[in-house]
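These protein sequences, in sequence, are chains W and G. The opening position of the first sequence corresponds to residue 1 in our numbering, with each subsequent residue numbered one higher. The opening position of the second sequence corresponds to residue 334 in our numbering, with each subsequent residue numbered one higher. A short worksheet on the structure shown next.
2 protein chains.
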Amino acid sequence: MPELRKDPITGRWVIIATERAKRPTDFLREPSAHAHGGFCPFCPGNEAKTPSEILAYRGNGSTPNSTGWTVRVIPNKFPALGIEGDLGRMGEGLFDKMNGVGAHEVIIETPEHEGTFSRLTEKGLEDVLWAYRDRIVDLRKDRRFRYILIFKNHGEAAGASLEHPHSQLIALPIVPIRVREEVDGAKQYYSLKERCIFCDMIRQEMDSKVRVVDENESFVVIEPYAPRFPFETWILPKVHESHYENGQMREFQNLSRALKKLVSQMDQVLERPAYNMVLHTSPVQEQTSAHYHWHIELMPKLTRVAGFEWGTGFYINPTPPEEAAQFLRNAEI
Amino acid sequence: MPELRKDPITGRWVIIATERAKRPTDFLREPSAHAHGGFCPFCPGNEAKTPSEILAYRGNGSTPNSTGWTVRVIPNKFPALGIEGDLGRMGEGLFDKMNGVGAHEVIIETPEHEGTFSRLTEKGLEDVLWAYRDRIVDLRKDRRFRYILIFKNHGEAAGASLEHPHSQLIALPIVPIRVREEVDGAKQYYSLKERCIFCDMIRQEMDSKVRVVDENESFVVIEPYAPRFPFETWILPKVHESHYENGQMREFQNLSRALKKLVSQMDQVLERPAYNMVLHTSPVQEQTSAHYHWHIELMPKLTRVAGFEWGTGFYINPTPPEEAAQFLRNAEI
Numbered sequence: 001m002p003e004l005r006k007d008p009i010t011g012r013w014v015i016i017a018t019e020r021a022k023r024p025t026d027f028l029r030e031p032s033a034h035a036h037g038g039f040c041p042f043c044p045g046n047e048a049k050t051p052s053e054i055l056a057y058r059g060n061g062s063t064p065n066s067t068g069w070t071v072r073v074i075p076n077k078f079p080a081l082g083i084e085g086d087l088g089r090m091g092e093g094l095f096d097k098m099n100g101v102g103a104h105e106v107i108i109e110t111p112e113h114e115g116t117f118s119r120l121t122e123k124g125l126e127d128v129l130w131a132y133r134d135r136i137v138d139l140r141k142d143r144r145f146r147y148i149l150i151f152k153n154h155g156e157a158a159g160a161s162l163e164h165p166h167s168q169l170i171a172l173p174i175v176p177i178r179v180r181e182e183v184d185g186a187k188q189y190y191s192l193k194e195r196c197i198f199c200d201m202i203r204q205e206m207d208s209k210v211r212v213v214d215e216n217e218s219f220v221v222i223e224p225y226a227p228r229f230p231f232e233t234w235i236l237p238k239v240h241e242s243h244y245e246n247g248q249m250r251e252f253q254n255l256s257r258a259l260k261k262l263v264s265q266m267d268q269v270l271e272r273p274a275y276n277m278v279l280h281t282s283p284v285q286e287q288t289s290a291h292y293h294w295h296i297e298l299m300p301k302l303t304r305v306a307g308f309e310w311g312t313g314f315y316i317n318p319t320p321p322e323e324a325a326q327f328l329r330n331a332e333i
Numbered sequence: 334m335p336e337l338r339k340d341p342i343t344g345r346w347v348i349i350a351t352e353r354a355k356r357p358t359d360f361l362r363e364p365s366a367h368a369h370g371g372f373c374p375f376c377p378g379n380e381a382k383t384p385s386e387i388l389a390y391r392g393n394g395s396t397p398n399s400t401g402w403t404v405r406v407i408p409n410k411f412p413a414l415g416i417e418g419d420l421g422r423m424g425e426g427l428f429d430k431m432n433g434v435g436a437h438e439v440i441i442e443t444p445e446h447e448g449t450f451s452r453l454t455e456k457g458l459e460d461v462l463w464a465y466r467d468r469i470v471d472l473r474k475d476r477r478f479r480y481i482l483i484f485k486n487h488g489e490a491a492g493a494s495l496e497h498p499h500s501q502l503i504a505l506p507i508v509p510i511r512v513r514e515e516v517d518g519a520k521q522y523y524s525l526k527e528r529c530i531f532c533d534m535i536r537q538e539m540d541s542k543v544r545v546v547d548e549n550e551s552f553v554v555i556e557p558y559a560p561r562f563p564f565e566t567w568i569l570p571k572v573h574e575s576h577y578e579n580g581q582m583r584e585f586q587n588l589s590r591a592l593k594k595l596v597s598q599m600d601q602v603l604e605r606p607a608y609n610m611v612l613h614t615s616p617v618q619e620q621t622s623a624h625y626h627w628h629i630e631l632m633p634k635l636t637r638v639a640g641f642e643w644g645t646g647f648y649i650n651p652t653p654p655e656e657a658a659q660f661l662r663n664a665e666i
């Protein structure tokens, strides 16, 4: 009998279709690789072909917008939002709109064109995580921005249009609805119990261990109880913290280790899948809170989304998370 | 300057990225066509290869599970849910689950393997709409079911695994979260205004006309104000009604006309795109209401969803709905 499971934070129900359970090799995968060859604007030497850098980690003596960087942040050449101007909120009959004010940046993660997360050194990946943090700290000063969304599309099937390893940042004048829902869901639990729901979940998962993929000093890596997608995986800090940018230095080191290991496990078990990674953190203008707990969600692109999910928020997941956790734990990396 | 627009029903904000506005020919389309050849279990003559039919519209004298039908409804051979048993709601620490009880049916829309919505006769398509209605009326008697989800994935890129034209029905023991959100959003507006938000929207759209694609005696076809996807299109009944299955006979005729015309317009403008269609109707065990207004949402698959949308509910749409409406209105069909 298939199971219906409820995500305790958002209240979203998911079908875990155990009877047509899929093993990693059953998925019809779209290749994560892009067509090769051609000009790459993110490779060293082509700095002049991108907008001027906002931030770069560079060796001593190298000059901005030239080679010598390890991580480089630039404005998106085709931004979805414009950085200048005020919000201009207004109505249009019963509709509401505002100007598309915001920032849209690209974090070039490494000079290496083939430097995926599993191939970067732990220090190299840690630098990417610091760049996320530095950009958040800078952008949150702009009071127009209510949420800073950091995400990574890896592989063409996951929506990446350029192969060179990069993440994206979008600073928004609104809090996206699913973020609002997640933060409010956690708040509701806190009102009831005076405990963080993520902390409770971490305790329960570490006791039962069936959905735990990995842990280190600072982080636990789990398959969530009600995942929308096969092999959807969350990385959560063990010590409660609502805002990513408030992490301790030691935590960024351990996050790099956990993330590199997870992507390596996925590469091995799922044959280098395309994936999406999303940083879930508190809205920037909100105080540090006892109810929300930042984390990373990583979703390999293994199934074709059947589209009706858009209209309904309803998901059918053919892989029980307990099995996914076991496959990942057993990966030979 | 791009625009941020808010969907008045759900409160979802969307970026309308006017500065990289896309015309219909700009989309990199995945073909809607499937690989041809091979055995089709939905074609006439192969009735014995599918589970026994639940409902069929047949000519006089033809026997069940043989040829002679125009629309045929069968259980899904690989159901995501099982029809037998009770819900068995239970907790698992802080998690909630229940048995995956429900129905999963396939509506084979026509005996013609190539009989897409634009090629069916109006009467043929009307029969499909009646089959939706008949199955809802039958299944709602089962008090375990709280929502009946009817949707169609057309084309491989939209998630269809078989080419032969078909829709799907999933009867669920829960109300999916986005449906709940939409119904509750409409209810909130009603509490404030004592008017249906969809009725207000229809009036405003019919006044301004910029987002209206088509209308007939009973239906209006519009591009919504804050669409998630390019060419996302809604078909709404002009007269308020909360439940699809309560439609008047004349309305099913006019819905068939509107839907056939819309799909033909999309076929012409977007070169026969893959698409998803979702019927949005009230939860079956809820009374007829003054606040919710059933409708159909049709989303051509033109963009690759970049994945972070999953985590955030945040969409960037490169085609303003006013332009999409104009393209569709001007289609030569």
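Even for Gly, the Cβ is constructed at its ideal location relative to N, Cα and C.
At the 9 Å Cβ level, is Pro8/W part of the contact set with chain G, yes or no?
By this cut-off, Pro8/W is an interface position.
Counting beta carbon pairs with one atom in the segment 617 to 629 of chain G and one in the segment 154 to 163 of chain W, are three or more of them shorter than 8 Å?
no
So does the segment 232 to 252 of chain W actually touch the segment 212 to 220 of chain W, counting three or more Cβ pairs closer than 8 Å?
yes
Count Cβ pairs between the segment 599 to 606 of chain G and the segment 454 to 470 of chain G that sit closer than 8 Å; are there 3 or more?
no
Partner residues on chain G for Trp234/W, Cβ-Cβ distance less than 7 Å:
Under the 7 Å cutoff, chain G gives no residues; its nearest Cβ is about 11 Å from Trp234/W.
Starting from Tyr225/W, find everything on chain G with Cβ-Cβ shorter than 8 Å and list it in chain order.
Glu425, Phe428
On the DSSP bridge list, what partners appear for Ile108/W?
Arg72/W, His166/W
Would you mind working out which of Thr449/G, Arg583/G, Ala559/G sits nearest Lys485/G, comparing C-alpha positions?
Thr449/G
Assign Trp294/W to one of three DSSP states: helix, strand, or coil.
coil
Please decide whether Ser264/W counts as near chain G, where near means a Cβ-Cβ distance under 9 Å.
No, Ser264/W does not count as interfacial toward chain G.
Segment contact, 8 Å Cβ cut-off, at least three pairs: the segment 123 to 134 of chain W with the segment 92 to 106 of chain W:
Contact fails: fewer than three Cβ-Cβ distances are below 8 Å.
Report buried or exposed for Ala48/W, applying the criterion of at least 16 other Cβ atoms within 10 angstroms of its Cβ.
Under this definition Ala48/W is an exposed residue.
Given this structure, state the Cα-to-Cα distance separating Leu453/G from Thr636/G, to the nearest angstrom.
Rounded to the nearest whole angstrom, the CA to CA distance from Leu453/G to Thr636/G is 27 Å.
Say whether chain G places a C-beta atom closer than 9 Å to the C-beta of Asp184/W.
no
How would you list, in chain order, the residues of chain G whose beta-carbon sits under 8 Å from the beta-carbon of Met98/W?
Glu336, Leu337
Is the beta carbon of Pro509/G within less than 8 Å of some heavy atom of the ligand SAH?
Inclusion of the ligand SAH in the displayed structure is not the case, the ligand content being empty and no account of it being possible.
Mark Lys209/W as exposed unless 16 or more other C-beta atoms lie within 10 angstroms of its C-beta, in which case mark it buried.
Lys209/W comes out exposed.
Less than 6 Å between C-beta atoms, sequence neighbours within five positions excluded: which residues of the same chain meet that for Thr383/G?
Contacts found: Pro374, Ile407.
Can you check whether the CB of Met277/W is closer than 9 Å to the CB of Phe231/W?
For the 9 Å CB-CB criterion, Phe231/W and Met277/W do not form a contact.
Return the bridge partner residues of Thr621/G from the DSSP annotation.
Bridge partners of Thr621/G: none, in fact.
Give the residues of chain W in contact with Ala350/G, contact being defined as C-beta atoms less than 7 Å apart.
Ala80
Would you kindly work out how many angstroms separate the C-alpha atoms of Gly313/W and Gln253/W, rounded to a whole number?
35 Å
Taking all protein chains shown into account, decide if His113/W is buried (16 or more other Cβ within 10 angstroms of its Cβ) or exposed.
exposed
Hey, is the segment 315 to 333 of chain W in contact with the segment 221 to 230 of chain W, meaning 3+ C-beta pairs nearer than 8 Å?
Yes, the segment 315 to 333 of chain W touches the segment 221 to 230 of chain W.
Of all the options Ile507/G, Val508/G, Ser575/G, which has the alpha carbon lying nearest to the alpha carbon of Lys532/G?
The residue asked about is misnamed: residue 532/G is Cys in this sequence, not Lys. The candidate whose alpha carbon is nearest that of Cys532/G is Ser575/G.
Taking the C-alpha atoms as reference points, what is the distance between Phe416/G and Glu3/W?
Note on identity: in this sequence residue 416/G is Ile, with Phe being the wrong assignment. The alpha-carbon atoms of Ile416/G and Glu3/W are separated by roughly 13 Å.
Under three-state DSSP, which class holds Asn65/W?
coil
Backbone secondary structure at Arg144/W - three-state DSSP
coil
Determine, using beta carbons only, whether Ala324/W and Glu205/W come nearer to each other than 9 Å.
no
Does Glu245/W come out as helix, strand or coil in the three-state DSSP assignment?
helix
Where Phe252/W sits in the DSSP three-state scheme:
helix
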